[in-house]
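This note's numbering puts the first residue of the sequence shown at 676, with every later residue one more than the last.
Beneath this line is the structure, given in structure tokens, with notes to follow.
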Amino acid sequence: VSTQSTWVDKRVTHGLPYVGLGLGAQSFSYNTLSYNLGAVTKKMHQYLASVELGRLPIQDIYWMSREQALGKFVSVSFYFGGIHLESFRTFAEGLSVEQIFPEQVQFALAEGLM
Numbered sequence: 676v677s678t679q680s681t682w683v684d685k686r687v688t689h690g691l692p693y694v695g696l697g698l699g700a701q702s703f704s705y706n707t708l709s710y711n712l713g714a715v716t717k718k719m720h721q722y723l724a725s726v727e728l729g730r731l732p733i734q735d736i737y738w739m740s741r742e743q744a745l746g747k748f749v750s751v752s753f754y755f756g757g758i759h760l761e762s763f764r765t766f767a768e769g770l771s772v773e774q775i776f777p778e779q780v781q782f783a784l785a786e787g788l789m
């Protein structure tokens with residue numbers, strides 16, 4: 676029985692996009708990864724000033740290719756110890772892990788890592 680919250684389960688297992696709230700928090704969508712103000716400086720005043728001006732307090736935003744977004748999905752999946760294959764296939768528009776990352780899967784199998 677999982678002790679994780681439903682939100683964490685959906686985020687980690689199913690790749691659900693999320694918005695991070697707070698100093699230096701991370702947000703994720705299907706094609707972006709961003710970090711709020713304060714991720715580097717750890718100073719609250721920049722974050723609060725942005726919020727008071729009605730702006731999203733984003734410090735850095737990275738546009739991810741489809742392969743990068745899928746790689747992020749896979750790496751976050753390992754927080755729970757493995758990839759939920761059905762969720763990956765949904766996230767990858769019907770393709771399997773083996774189809775997207777054939778060389779990486781071959782390596783992991785050859786090395787006994789999966």
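Just so you know, even glycine gets a beta-carbon here, dropped at the ideal spot from N, CA and C.
Please read all numbers here as calculations on a predicted model, not as lab measurements.
Host beta strand (DSSP E) of residue i (start-end)
| i | result |
| --- | --- |
| Thr716 | Counting along the chain, Thr716 falls outside any beta strand (DSSP E), and DSSP gives it neither H nor E. |
Beta-ladder partner(s) of residue i, from DSSP
| i | result |
| --- | --- |
| Trp738 | Thr707 |
| Tyr722 | Bridge partners of Tyr722: none, in fact. |
Selected residue, minimal CA-CA separation from residue i, among the options
| i | options | result |
| --- | --- | --- |
| Leu696 | Asp684, Thr681, Leu723 and Ser680 | Leu723 |
| Thr688 | Thr716, Met789, Phe753 and Gly787 | Phe753 |
| Asp684 | Met739, Ser762, Tyr737 and Asp735 | Ser762 |
| Gly756 | Leu788, Val694 and Phe766 | Leu788 |
Beta carbon of residue i nearer than 9 Å to that of residue j
| i | j | result |
| --- | --- | --- |
| Ala714 | Gly699 | yes |
| Ser702 | Pro692 | yes |
| Arg686 | Val749 | no |
| Ala785 | Ile775 | no |
Span of the alpha helix (DSSP H) around residue i
| i | result |
| --- | --- |
| Glu773 | Val772 to Ile775 |
| Leu760 | Leu760 to Phe766 |
Three or more C-beta pairs below 8 Å linking the stretch 721-734 and the stretch 769-779
Touching, no.
Three or more beta-carbon pairs under 8 Å between the stretch 699-713 and the stretch 738-758, yes or no?
Flag = yes, the stretch 699-713 and the stretch 738-758 touch.
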